[in-house]
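A.B. asks:
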Amino acid sequence: MDIVFDKVGYTYQKGTPFQSRALYDIDLTIKEGSYTAIVGHTGSGKSTLLQHLNALRKPTEGTVTIGDRVIASETENKNLKGLRKKVGIVFQFPESQLFDETVAKDIAFGPKNFGASEEEGREIAERMLPLVGLDESFLETSPFDLSGGQMRRVAIAGVLAMKPDVLVLDEPTAGLDPKGRREIMDMFYRLHKEQGLTIVLVTHQMDDVAYYADHMIVLEKGTVMKEGDPREIFRDADWLKSKQLGVPSAVEFANQIQKQFGWSFSTLPLTTDELAREMKPFLLQKEAERQ
Ligand code: ADP
Ligand code: MG
Numbered sequence: 001m002d003i004v005f006d007k008v009g010y011t012y013q014k015g016t017p018f019q020s021r022a023l024y025d026i027d028l029t030i031k032e033g034s035y036t037a038i039v040g041h042t043g044s045g046k047s048t049l050l051q052h053l054n055a056l057r058k059p060t061e062g063t064v065t066i067g068d069r070v071i072a073s074e075t076e077n078k079n080l081k082g083l084r085k086k087v088g089i090v091f092q093f094p095e096s097q098l099f100d101e102t103v104a105k106d107i108a109f110g111p112k113n114f115g116a117s118e119e120e121g122r123e124i125a126e127r128m129l130p131l132v133g134l135d136e137s138f139l140e141t142s143p144f145d146l147s148g149g150q151m152r153r154v155a156i157a158g159v160l161a162m163k164p165d166v167l168v169l170d171e172p173t174a175g176l177d178p179k180g181r182r183e184i185m186d187m188f189y190r191l192h193k194e195q196g197l198t199i200v201l202v203t204h205q206m207d208d209v210a211y212y213a214d215h216m217i218v219l220e221k222g223t224v225m226k227e228g229d230p231r232e233i234f235r236d237a238d239w240l241k242s243k244q245l246g247v248p249s250a251v252e253f254a255n256q257i258q259k260q261f262g263w264s265f266s267t268l269p270l271t272t273d274e275l276a277r278e279m280k281p282f283l284l285q286k287e288a289e290r291q
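To convert, note that position 232 of the sequence shown is 232 in the working numbering; the numbers rise steadily by one, no gaps.
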């Protein structure tokens, strides 16, 4: 299922004295099976854009086509429930939405809302916990007795329990420690690779874009400034810096080697693995020069 934005604009509180425009003329495609990263400064419209991916917000101009459903400003709110199931959104600080008395009940809430029985809900909760790196011993625990990182995992399990085709993540690791961040990001990548889950990730971490995404969108003041292959976009480090956006650490390192030694990389390395590989010809040449 692809999601296509066609000239999408969004104005908050449209038609009131408080109206403010958050998105302008957005054209983009989220391809089935892709891993798209969306970057941009605070206030650039990332969260507003995400809420259009499952019709939680309807565009005030243009259309969003989600699979075979076309959403426009005049689309009625009924019959949108199915879309919420197909496209699951993990909001910023999702743990704040936990409410039930046990972890099992919290995870099963969505499926039960869609008609799953008590037992089915329980089974789903049992299956979801290991996916997010927690074991069965948590099922009867109150979500409010968990650590922040564990609460976040339970909230993510609740979204995965709906078996979405598209998983939308709004800064999913904000506020977590480095180990927790890495574990959660690796988990999403596994789901993407093993189950073909389409992922849309909003992040400030360029390393996460470099490691995981195959498509990248740069938003600024509600418009798409650049869209494409992350390797192409990261090639223009000066442009990113002029926008006060960083580059992945491997790119930063490669650019320094380039600058200080006049060496140019045939392929711009995005990750430490690629960097190690791409450094080999450089090191061999330096070695030869010494002899
Ligand atoms: P980001 O997620 O990139 O930080 P947002 O989508 O949250 O950006 O915000 C985009 C713009 O819309 C900002 O100017 C913000 O102040 C405004 N905005 C966001 N949410 C609301 C809202 N509920 N009501 C009015 N304006 C909003
Ligand atoms: Mg946001």
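Ideal Cβ positions, reconstructed from N, Cα and C, are used throughout, including at glycine.
(1) Quick one: residues in its chain with C-beta nearer than 7 angstroms to the C-beta of residue 237, no 5 flanking neighbours on either side, listed in chain order?
(2) Going by DSSP, what residues sit across from residue 23 in a beta bridge?
(3) What is the DSSP secondary structure of residue 241, counted as helix, strand or coil?
(4) DSSP state of residue 56, grouped into three classes?
(5) Threshold first: 4 residues or longer. Then list the alpha helix (DSSP H) segments lying entirely within the stretch 102-165, N to C.
(6) Taking one C-beta from the stretch 59-79 and one from the stretch 140-158 each time, how about it: are there three or more such pairs within less than 8 angstroms?
(7) Report yes or no: do three or more beta-carbon pairs, one from the stretch 183-201 and one from the stretch 13-27, lie closer than 8 angstroms?
(8) Return the chain-ordered list of same chain residues with a C-beta closer than 7 angstroms to the C-beta of residue 268, the five sequence neighbours on each side being excluded.
(9) When every heavy atom of the ligand MG is checked, does at least one fall within less than 7 angstroms of the C-beta of residue 256?
(10) Between the alpha carbons of residue 53 and residue 94, how many angstroms are there, rounded?
(11) Taking 6 angstroms as the limit between beta carbons, can you name the residues of its chain near residue 201, skipping five residues before and five after?
(12) As a quick check of your reading: which residues have a C-beta less than 6 angstroms from at least one non-hydrogen atom of the ligand ADP, in chain order?
(13) With 16 other CB atoms within 10 Å as the buried threshold, where does residue 44 fall?
(14) Could you check whether the Cβ of residue 170 sits closer than 7 angstroms to any heavy atom belonging to the ligand MG?
(15) Buried or exposed: where does residue 173 fall if 16 or more other Cβ atoms within 10 Å of its Cβ makes it buried?
(16) Determine which residues share a DSSP beta bridge with residue 228 and list them.
(17) Taking 8 angstroms as the cut-off, decide whether the C-beta atoms of residue 324 and residue 187 are in contact.
(18) If I measure Cβ to Cβ from residue 75 and keep anything under 8 angstroms in the same chain, skipping five residues before and after, which residues do I get?
(19) Select from 179, 157, 211 the residue whose C-alpha is nearest the C-alpha of residue 275.
(20) Buried or exposed for residue 22, please, with buried defined as at least 16 other CB atoms from any protein chain shown within 10 angstroms of its CB.
(21) Considering only heavy atoms of the ligand MG, does any lie closer than 7 angstroms to the CB of residue 92?
C.D. replies: So, from the listed chains and residues:
(1) 247, 251, 255
(2) 10
(3) helix
(4) coil
(5) 103-113, 118-131, 148-160
(6) They do not touch, by the three-pair rule.
(7) no
(8) 231, 234, 235, 251, 254
(9) no
(10) 17 angstroms
(11) Excluding sequence neighbours, residue 201 sits near 37, 169.
(12) 12, 20, 22, 40, 42, 43, 44, 45, 46, 47, 48
(13) A buried status is given to residue 44, since no fewer than 16 other beta-carbon atoms sit within 10 Å of its beta-carbon.
(14) yes
(15) Counting Cβ neighbours within 10 Å, residue 173 comes out buried, since at least 16 surround it.
(16) Answer is 216.
(17) No statement about residue 324 is possible, as the shown extent of the chain runs from 1 to 291 and does not include it.
(18) 55, 58
(19) 211
(20) buried
(21) Yes, the Cβ of residue 92 comes within 7 angstroms of a heavy atom of the ligand MG.
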